[in-house]
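Just so you know, we're using full-length UniProt numbering here: the sequence shown kicks off at 1 and counts up by one.
Idealized CB from N, CA, C, for every residue including glycine.
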Amino acid sequence: MSREPDEWVDEEAGPVVRPYAVARGRTRPSSPAIDLLSHISATTEPMPSKAELSAQHRRLIGSVSGQSRPVVEVAAEMNLPVGVIRVLLGDLLDYGLVTVRPPHAKAGVATESLLREVINGLKAL
1 MSREPDEWVD EEAGPVVRPY AVARGRTRPS SPAIDLLSHI SATTEPMPSK AELSAQHRRL
61 IGSVSGQSRP VVEVAAEMNL PVGVIRVLLG DLLDYGLVTV RPPHAKAGVA TESLLREVIN
121 GLKAL
């Protein structure tokens, strides 16, 4: 039985299903490649007949269709913990419905002096 996305949240009470239930009790994604800053995009592969996708899986595919987005951004949009999103993305990756790209290379690493300046600036506030 498939649930519609609006059945997961009650406007007054908030989420009516615990996050671990959305992820079917799993806490780890099937692929370690799914990092917080990894970019996810939907593929054009057809849905496999054996795929057991929940409403959250389908919402997730819709969220990354036509664009590449970081995992953390998708989690914020879907209002689910990043751990749950990573588990759901692992399912979609296993079915070939999404691709995962590592985060973009950093322009440079912050130096100790820069970090000290930031800390001093924050203390001055």
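Using a 10 Å radius around the Cβ and a threshold of 16 neighbouring Cβ atoms, would you call residue i buried or exposed?
| i | result |
| --- | --- |
| LEU80 | buried |
| LEU89 | buried |
| VAL87 | buried |
| ILE119 | exposed |
Excluding the 5 residues flanking residue i on each side, which residues of the same chain have their C-beta closer than 7 Å to its C-beta?
| i | result |
| --- | --- |
| SER41 | VAL64, GLN67, SER68, VAL98 and THR99 |
| GLU45 | GLY96 and LEU97 |
Taking the alpha-carbon of residue i as reference, which of the options has the nearest alpha-carbon?
| i | options | result |
| --- | --- | --- |
| LYS50 | THR43, THR111, LEU92 and GLY121 | LEU92 |
| PRO48 | VAL82, ASP94 and THR111 | ASP94 |
| LEU37 | THR43, GLY121, GLY83 and LEU114 | GLY83 |
Considering residue i, what are the terminal residues of the alpha helix (DSSP H) in which it resides?
| i | result |
| --- | --- |
| SER113 | 112-124 |
I believe residue i touches residue j by the beta-carbon criterion, under 8 Å. Please report the beta-carbon distance rounded to the nearest angstrom.
| i | j | result |
| --- | --- | --- |
| HIS39 | ARG101 | 4 Å |
So, at 8 Å on beta carbons, what are the nonlocal neighbours of residue i in its own chain, with the 5 sequence-adjacent residues on each side left out?
| i | result |
| --- | --- |
| SER2 | The pLDDT assigned to SER2 is 46, lower than 50, so where the model puts this residue is not dependable; a value taken from the coordinates is nonetheless given after this. Excluding positions up to five away in sequence, the list reads SER54 and ALA55. |
| ILE85 | LEU60, VAL71, VAL74, ALA75 and MET78 |
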